[in-house]
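Residue numbers (the numbering used here), protein chains in the order written: chain Z, 34 to 304; chain G, 2 to 289.
For every residue, glycine included, the Cβ atom is placed at its ideal position computed from N, Cα and C.
What follows is one structure encoded as structure tokens, with my remarks underneath.
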Amino acid sequence: MVRDITLGQYFPGNSLIHRLDPRMKILITFAFIVFIFVAANFQGLAVMLLLMASVLLLSGVPLSQYLKSLKAVLFIVAFTFVLNLFYGGGTTVWSWRFMRITDGGISNAVFVAVRIFSLILFSSVLTFTTSPTQLTDALERLMKPLKVLHVQVHEIAMMMTIALRFVPTLLEETDKIMNAQKARGADLESGGFMQRVKSLIPILIPLFVSSFRRAYDLAMAMECRCYHGGEGRTKMKQLHMSGLDAAAAVVSGLFCVGVLFCAFHFPAALR
Amino acid sequence: MPVIETKELTFRYGEGTPFCKTAIDHVSISVEQGEFLGLIGHTGSGKSTLIQQFNGLLKPTSGKVLLKGKDIWAEPRKIRDIRFQVGMVFQYPEHQLFEETVLKDVCFGPKNMGLSEDEAQQRARRAARFVGLPDELLEKSPFELSGGEKRRAAIAGVIAMDPDVLILDEPTAGLDPRGREMLLSQIGAYHRERHNTVILVSHSMEDIARVADRVLVMNGGKAVMLDRTEKVFARGRELESLGLRVPEVTKVLLTLREHGCPVHASLTVDQAVEQLLPLLKKEGAVRG
Numbered sequence: 034m035v036r037d038i039t040l041g042q043y044f045p046g047n048s049l050i051h052r053l054d055p056r057m058k059i060l061i062t063f064a065f066i067v068f069i070f071v072a073a074n075f076q077g078l079a080v081m082l083l084l085m086a087s088v089l090l091l092s093g094v095p096l097s098q099y100l101k102s103l104k105a106v107l108f109i110v111a112f113t114f115v116l117n118l119f120y121g122g123g124t125t126v127w128s129w130r131f132m133r134i135t136d137g138g139i140s141n142a143v144f145v146a147v148r149i150f151s152l153i154l155f156s157s158v159l160t161f162t163t164s165p166t167q168l169t170d171a172l173e174r175l176m177k178p179l180k181v182l183h184v185q186v187h188e189i190a191m192m193m194t195i196a197l198r199f200v201p202t203l204l205e206e207t208d209k210i211m212n213a214q215k216a217r218g219a220d221l222e223s224g225g226f227m228q229r230v231k232s233l234i235p236i237l238i239p240l241f242v243s244s245f246r247r248a249y250d251l252a253m254a255m256e257c258r259c260y261h262g263g264e265g266r267t268k269m270k271q272l273h274m275s276g277l278d279a280a281a282a283v284v285s286g287l288f289c290v291g292v293l294f295c296a297f298h299f300p301a302a303l304r
Numbered sequence: 002m003p004v005i006e007t008k009e010l011t012f013r014y015g016e017g018t019p020f021c022k023t024a025i026d027h028v029s030i031s032v033e034q035g036e037f038l039g040l041i042g043h044t045g046s047g048k049s050t051l052i053q054q055f056n057g058l059l060k061p062t063s064g065k066v067l068l069k070g071k072d073i074w075a076e077p078r079k080i081r082d083i084r085f086q087v088g089m090v091f092q093y094p095e096h097q098l099f100e101e102t103v104l105k106d107v108c109f110g111p112k113n114m115g116l117s118e119d120e121a122q123q124r125a126r127r128a129a130r131f132v133g134l135p136d137e138l139l140e141k142s143p144f145e146l147s148g149g150e151k152r153r154a155a156i157a158g159v160i161a162m163d164p165d166v167l168i169l170d171e172p173t174a175g176l177d178p179r180g181r182e183m184l185l186s187q188i189g190a191y192h193r194e195r196h197n198t199v200i201l202v203s204h205s206m207e208d209i210a211r212v213a214d215r216v217l218v219m220n221g222g223k224a225v226m227l228d229r230t231e232k233v234f235a236r237g238r239e240l241e242s243l244g245l246r247v248p249e250v251t252k253v254l255l256t257l258r259e260h261g262c263p264v265h266a267s268l269t270v271d272q273a274v275e276q277l278l279p280l281l282k283k284e285g286a287v288r289g
């Protein structure tokens, strides 16, 4: 069903990772993603994987959830894996007509696949342990310097919050409309491509209409409460950095140094 | 003869996840052919989930749903046929309108059944008449109608499929008193004229008392009462403990009865007057 799609994937909990300041989590996640690409060899990647394993365990989110998030990119990974197999030097392992797989190709393919998986896992840790509101709050705070460039930071953050807030609502609405049309015999599963696109009309139009209705209602409600944007607005939930955040920053820093060390001391893996 | 039967029907949402919740718990009931069944229960009691089992929108976790004696999931590929036989009007059905004209929208169901254009239109016009939708509205866009008219158009869209069982989930929610009154009497008229089964889910005990032959009470996913309307509402105290009420007039009579007055629970004001007037005359309170 539609409801099974994980978008707002927040997994409530009270683990160490959950308690980190969302700003720190975003910064660290960003650093990790950069360092996944800095890690140019398997040794460096091993350091990242070690870090990942400890973060995954610390987060207290069931591993099955992480596996689910990997499933979403399985196709892309498989695709790049196969492509990479055929690019690379070294000795030939297998060949058939014009196709040739080398040991270099295999190691490249594995390397890239692990990279993509790590990328997804790190960002999953962020979205699993941080509620969407925390996330946008933190982004708003982190983007504050952009105000100098006249970027409407608060408005952007507000739009993101509203969009995130309405994802589950619209999914629920979609579910309801789908059920209502199915009850009138709408056939959503069978038929050719054009047939299926056509069968979406009875769902999309009501969904569109109701989205506009909700938008009008929300705008009205916001105006009634004198919402006028970010100027002079205070926050109910203030973000605070704590000792935990400092510790997290130090530990992550050490791992990054480890990756850098590997990058300089061992040869690059991609050939 | 039962038209819908459930056998030890159980349904759990999100099986195998931490959010698993039992919405329906071993429900075994039967709905008789041609009856008007009221379905009550407080929010979250499993009413909506139960009716979605009846037309195969949800698949039972265990147990069976029988339609005219046949398991509806015997052939999962033919579940669409079940949905034509068990018509379902959801809460706020006006949100499902999508076509360019009201007529086309009402035709959506019949056309999905594979009927010809003519046949579908014929049925749509007949259904529109049942719900009191004037002919001149049929060529308008459904989005131009008023709230009450939209509701009627949406209900017509289900009635046009001519289902053997019509299920309505709170059809009068959000309508003004006159709109409620009209819609309810039209549903009653439809039921009398077509002799098919109607299941009405409602929070309004007055509505249920007026139209239902029998009442099914749900609580915590279980079917706790299924009996003739007056018998169910005579158990006022029990209903109140389930977070429900009885119609105001029934409550008055039940209270009188508790104080030793020789009356039985009536469902409508007229019935109550019939009982009370002779009593009052006897006491000399009213001069006949």
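6 Å Cβ shell around residue i - same chain, five flanking residues per side excluded
i	result
L257 of chain G	V264
V28 of chain G	T7, L10 and A224
K112 of chain G	A121
L201 of chain G	G39 and L169
Straight-line Cα distance separating residue j from residue i
i	j	result
K223 of chain G	M114 of chain G	34 Å
F91 of chain G	D271 of chain G	32 Å
L240 of chain Z	R246 of chain Z	10 Å
K105 of chain G	L146 of chain G	14 Å
L254 of chain G	P279 of chain G	14 Å
A273 of chain G	G261 of chain G	16 Å
N220 of chain G	G47 of chain G	7 Å
R81 of chain G	E118 of chain G	20 Å
E182 of chain G	Q86 of chain G	27 Å
P55 of chain Z	M193 of chain Z	16 Å
G77 of chain Z	G291 of chain Z	7 Å
A301 of chain Z	K58 of chain Z	29 Å
Y120 of chain Z	L175 of chain Z	40 Å
V147 of chain Z	V158 of chain Z	16 Å
G263 of chain Z	E173 of chain Z	11 Å
F55 of chain G	D165 of chain G	12 Å
Q187 of chain G	D163 of chain G	15 Å
R52 of chain Z	M81 of chain Z	22 Å
Status (buried if at least 16 other CB within 10 Å, exposed otherwise) for residue i
i	result
L139 of chain G	buried
R323 of chain G	Nothing can be reported for residue 323 of chain G: it is not among the residues displayed for chain G, which extend from 2 to 289.
G265 of chain Z	exposed
L159 of chain G	At residue 159 of chain G the sequence reads Val, which differs from the Leu that was named. V159 of chain G should be labelled buried.
A161 of chain G	buried
D72 of chain G	exposed
K22 of chain G	exposed
N47 of chain Z	exposed
A86 of chain Z	exposed
G285 of chain G	exposed
T44 of chain G	exposed
L221 of chain Z	exposed
M34 of chain Z	Per-residue confidence for M34 of chain Z stands at a pLDDT of 42, beneath the threshold of 50, marking its modelled position as unreliable; the derived number appears in the next sentence. That one is exposed.
For residue i, three-class secondary structure by DSSP
i	result
T7 of chain G	strand
G47 of chain G	coil
R246 of chain G	coil
E275 of chain G	helix
T198 of chain G	strand
H27 of chain G	strand
T135 of chain Z	strand
E33 of chain G	strand
I73 of chain G	coil
L227 of chain G	strand
R13 of chain G	strand
V264 of chain G	coil
R88 of chain G	What sits at residue 88 of chain G in the sequence shown is Gly, not Arg. G88 of chain G falls in the strand class under three-state DSSP.
S142 of chain G	coil
Close Cβ partners of residue i (< 8 Å) along its chain, the five nearest in sequence each way excluded
i	result
F234 of chain G	M206, A210, V216, L240, V247, P248, T251, A266 and L268
I153 of chain Z	S102, L103, A105 and V106
Own chain, CB closer than 7 Å to residue i, minus 5 neighbours either side, in chain order
i	result
I210 of chain Z	I236, P239 and L240
Q98 of chain Z	F44 and F161
H196 of chain G	G35
L287 of chain Z	none
L179 of chain Z	V186
K141 of chain G	T102 and V103
G180 of chain G	G149
Notebook entry, point to check: Quick one, which residues of the region 65-85 of chain G are near chain Z if we go by CB-CB under 7 Å, in chain order?
Noted result: R81, R84 and F85
Note to self: Tell me which residues of the region 43-68 of chain Z have at least one Cβ-Cβ distance to chain G shorter than 8 Å, keeping chain order.
What the structure shows: none
Note to self: Please list, in chain order, the residues of the region 99-111 of chain G that have any C-beta partner in chain Z closer than 7 Å.
What the structure shows: F99, F109 and G110
Check: Closer than 8 Å, Cβ to any Cβ of chain G: which residues of the region 138-168 of chain Z, in chain order?
Finding: none
Checklist line | Near-chain Z residues of the region 138-171 of chain G (beta-carbon distance less than 8 Å), N- to C-terminal order | finding: F144, G158, V159 and M162
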